[in-house]
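To keep things clear, I will list the structure first and then write my remarks on it.
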Amino acid sequence: MNSDLDSLSRSYTRLSRDVGGRIEFACDLNSADALSVAEQEKAHLDQAFFVLGFSALEKKVTSLASTRQSTTERRAAMRGAGFDERLEAAIKIVREVLGEEPEWASQTELLTIRNWYAIRNEIAHGDPPTQLFDVPPVIYLADAIGTALERVLGAIQS
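Mapping the sequence shown onto the working numbering, position 147 (from 1) lands on 741, and the numbers just tick up by one.
Shown next as structure tokens:
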């Protein structure tokens, strides 16, 4: 796993265990107030790491979509494009450069990624998420896209 994503994953795991311990402690105390606080901490932790994980995924998508842009202006334009456009450009580049379908480009995965984008927008704008989400799959998919980026860059440079 990419070192920045590995660090993110380890931090999330460690902090989740810590908050989980507080939830267990609140249950053992039979304290509704302590449980409410611990559950709120868990919700905030999950939302924060979801946004961080999705930001990493989005950065990898944008970098991949920009790999064939020859000028600074064109790379900036790609960064300013809508997420779906960048995602489709990233998939197209993997297909053209590596001659294969990215594992993360199935219709199921694309639907999931687009749902995550909507969830990220809700959280980032201060709204409670309207869909359930799990943090580790976002980080793992960001890593898969990062691996594709590394392979594309390697193929272009050789």
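Note that the Cβ used here is the ideal one computed from N, Cα and C, for glycine as well.
Taking a 10 Å sphere around the C-beta of ILE739, we find 16 or more other C-beta atoms and assign the residue as buried. In terms of Cβ geometry, GLY647 and LEU602 form a close pair [threshold 8 Å]. For the beta strand (DSSP E) assignment, the region 674-749 encloses no uninterrupted run of at least 3 residues.
Within the same chain, PHE644, GLY647, PHE648, LEU651 and TRP710 come within 7 Å of VAL732 by CB-CB distance, once the 5 residues on both sides are set aside.
In this structure the region 682-695 lies against the region 652-672, because at least three pairs of beta carbons, one per stretch, are closer than 8 Å. Within a 10 Å sphere around the beta-carbon of PHE619 sit fewer than 16 other beta-carbons, which makes this residue exposed.
Using a Cβ distance threshold of 8 Å, ASP737 and MET595 count as a contacting pair. Closest option to VAL729, judged by alpha-carbon separation, among GLU682, ARG745 and ALA637: ALA637.
Taking a cut-off of 8 Å for Cβ pairs, the region 624-643 and the region 695-703 do not touch, as fewer than three such pairs fall below it.
A direct Cα-Cα distance of roughly 34 Å separates SER657 from VAL613. Restricting attention to GLU633, ALA671 and ALA670, the CA atom closest to the CA of ILE617 is found in GLU633. GLU716 places its beta carbon 8 Å or farther from that of THR706. Burial of ILE713 is indicated by the presence of at least 16 other C-beta atoms within 10 angstroms of its C-beta.
Straight through space, the alpha carbons of ASP678 and ARG708 are spaced by roughly 8 Å. Here LEU726 is exposed: its Cβ has fewer than 16 other Cβ atoms, across all protein chains shown, within 10 Å. The C-beta of ARG611 has fewer than 16 other C-beta atoms within 10 Å across all chains shown, which makes the residue exposed.
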